[in-house]
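Chains as they are written, first to last, in my numbering: chain A, 9 to 215; chain B, 9 to 215.
Protein chains: 2
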Amino acid sequence: MDQEFASTLLENTVAQLASLPGIGRKTALRLALHILRQDEPAAIALGQSIIDLRTGVRYCSECHNISENPVCPVCSNPGRDQSTICVVENVKDVMSIENTRQYNGLYHVLGGVISPMDGIGPDQLQIASLVERVRNRNISEVILALSATMEGETTDFYIYRQLGTYPVKITQLARGVSVGNEIEYTDEVTLGRSLLNRTLFADSFHK
Amino acid sequence: MDQEFASTLLENTVAQLASLPGIGRKTALRLALHILRQDEPAAIALGQSIIDLRTGVRYCSECHNISENPVCPVCSNPGRDQSTICVVENVKDVMSIENTRQYNGLYHVLGGVISPMDGIGPDQLQIASLVERVRNRNISEVILALSATMEGETTDFYIYRQLGTYPVKITQLARGVSVGNEIEYTDEVTLGRSLLNRTLFADSFHK
């Protein structure tokens, strides 16, 4: 778009907003004009919250999840199973798993998955600190909860090999037909895995 | 969504972003996590640009468009036709009309249209200052370029009556079939107006 803005302030804000994922120049302009129509305190609160988020946020020294304290509420909660670690890609995945209310152990946030295409190797991820936790704490199970993609499974396998020498059970999220999905529209690889890993029908009543 | 955030900073930013139009909680969370992954200077630049926009922006004292100077570059440009005013709803409409490169006159940004449903009456819009400009300057034509909606046409009519006593030509954007549209999918009101206001075919070559 070759729009000429009457103000460099507007131009700058539009450029900044358009740098966010999923927000194009048109949406950015619409947002900027909305901000202009807002009360001044509201606009300042929005801008300041972004600055505060980036400059003020801290991460748990144990699991690397976002935390206001040195150790996050999950890691420091004696009511949670301290012998199980669920390995996830990012902060959002922790929220998703917490929302299932099916898990009472700890987490470990990798910060991504191994992806040579994006230049992300094992060293850029929190894998060494995971090995550290398994070595020093009394961990009995590590649950791999990474995406069921090529990159996710590569990372699963890398972690599996790194942890091979420790007496820890390594499990992976079940692959299978998504709840609500029809068999007809389930891909063959998933269908094959769901057949191989079929479960006793009676067990589904207890879950 | 009943997501529990590990950080009030994150929660606050998500709430702030979700208050923007067209951005829900899910998108807001995705944006906030993106901001967390950014370099600190980039995140600060984004937040600061929003604050600067709202606190620093100024409006042209003549046409009420966004401007860095007391009088905007359009109003102060001697190369533009100072006797024609195009009345628009907002700043974005000025950009849209400028982008057509078909207009060389001045603008007048109303700041909206009369909408009793939203509690917007003539007094909240820059109509009095438009009448002032027509009275004091040598204005020969006022082009009404408001939306072709009930509210837009109500505002057109209100302005038409306010300017009735001045020797100024008042015109309106042509209503007709949108370029690229099929007759079959053009509504009857538009089609009727386009028939009434049909133009000489030969004229289209010169435009």
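For glycine and all other residues, C-beta sits at the position ideal for the given N, C-alpha and C.
Does chain B have any CB closer than 8 angstroms to the CB of residue i?
i	result
proline 29 of chain A	yes
arginine 62 of chain A	yes
serine 84 of chain A	no
histidine 42 of chain A	yes
lysine 100 of chain A	yes
alanine 153 of chain A	no
alanine 53 of chain A	yes
glutamate 221 of chain A	Only positions 9 to 215 of chain A appear in this structure, which leaves residue 221 of chain A out of reach.
asparagine 20 of chain A	yes
arginine 17 of chain A	The sequence shown places leucine at residue 17 of chain A, not arginine. True, the Cβ-Cβ gap to chain B drops below 8 angstroms.
valine 142 of chain A	no
glutamine 46 of chain A	yes
valine 65 of chain A	yes
leucine 39 of chain A	yes
Pull the bridge partners of residue i from the DSSP assignment, please.
i	result
glutamate 97 of chain B	DSSP output for glutamate 97 of chain B lists no bridge partner at all.
histidine 72 of chain B	Beta-bridge pairing links histidine 72 of chain B to no other residue.
isoleucine 128 of chain A	A/Ser123
tyrosine 115 of chain B	B/Cys94
isoleucine 178 of chain B	B/Val150
aspartate 89 of chain A	A/Gly113
Could you check if residue i is buried or exposed, using at least 16 other CB atoms within 10 Å of its CB as the buried criterion?
i	result
leucine 28 of chain A	buried
glutamine 110 of chain A	exposed
glutamate 140 of chain A	exposed
methionine 9 of chain A	Residue placement at methionine 9 of chain A is flagged as unreliable, the pLDDT there being 37, under the threshold of 50; the coordinate-derived value follows with that caveat. By the 10 Å Cβ count, methionine 9 of chain A comes out exposed.
asparagine 20 of chain B	buried
leucine 133 of chain A	buried
alanine 40 of chain A	buried
serine 57 of chain A	buried
valine 197 of chain A	exposed
serine 104 of chain B	exposed
aspartate 164 of chain A	buried
glycine 55 of chain B	buried
valine 79 of chain B	exposed
glycine 160 of chain A	buried
valine 187 of chain B	exposed
serine 84 of chain A	exposed
Where does residue i fall in DSSP's three states?
i	result
threonine 63 of chain B	helix
tyrosine 166 of chain A	helix
valine 22 of chain B	helix
glutamine 134 of chain A	coil
leucine 44 of chain A	helix
phenylalanine 209 of chain A	helix
threonine 16 of chain B	helix
glutamine 56 of chain B	helix
alanine 50 of chain B	helix
isoleucine 191 of chain A	helix
valine 79 of chain B	coil
threonine 198 of chain A	helix
valine 142 of chain B	helix
threonine 108 of chain A	helix
alanine 36 of chain B	helix
valine 102 of chain A	helix
leucine 171 of chain B	coil
glycine 30 of chain B	coil
Is it true that the CB of residue j sits closer than 8 angstroms to the CB of residue i?
i	j	result
valine 99 of chain B	asparagine 77 of chain B	no
valine 150 of chain A	isoleucine 93 of chain A	yes
valine 117 of chain A	valine 96 of chain A	yes
leucine 25 of chain B	isoleucine 31 of chain B	yes
leucine 171 of chain B	valine 142 of chain B	yes
leucine 152 of chain B	threonine 179 of chain B	yes
isoleucine 59 of chain A	isoleucine 191 of chain B	no
isoleucine 135 of chain B	isoleucine 128 of chain B	no
leucine 61 of chain B	leucine 44 of chain A	yes
isoleucine 216 of chain B	serine 91 of chain B	As displayed, chain B neither begins before 9 nor continues past 215, which places residue 216 of chain B out of reach and without an answer.
Checking contacts by CB at 8 angstroms: is residue i closer than that to chain A?
i	result
leucine 171 of chain B	no
glutamate 76 of chain B	yes
glutamine 110 of chain B	no
isoleucine 58 of chain B	yes
valine 117 of chain B	no
glutamine 24 of chain B	yes
glutamine 180 of chain B	no
glutamine 11 of chain B	The pLDDT assigned to glutamine 11 of chain B is 49, lower than 50, so where the model puts this residue is not dependable; a value taken from the coordinates is nonetheless given after this. Answer yes: the Cβ-Cβ gap between glutamine 11 of chain B and chain A drops below 8 angstroms somewhere.
threonine 163 of chain B	no
aspartate 131 of chain B	no
leucine 114 of chain B	no
threonine 194 of chain B	no
threonine 92 of chain B	no
threonine 157 of chain B	no
threonine 207 of chain B	no
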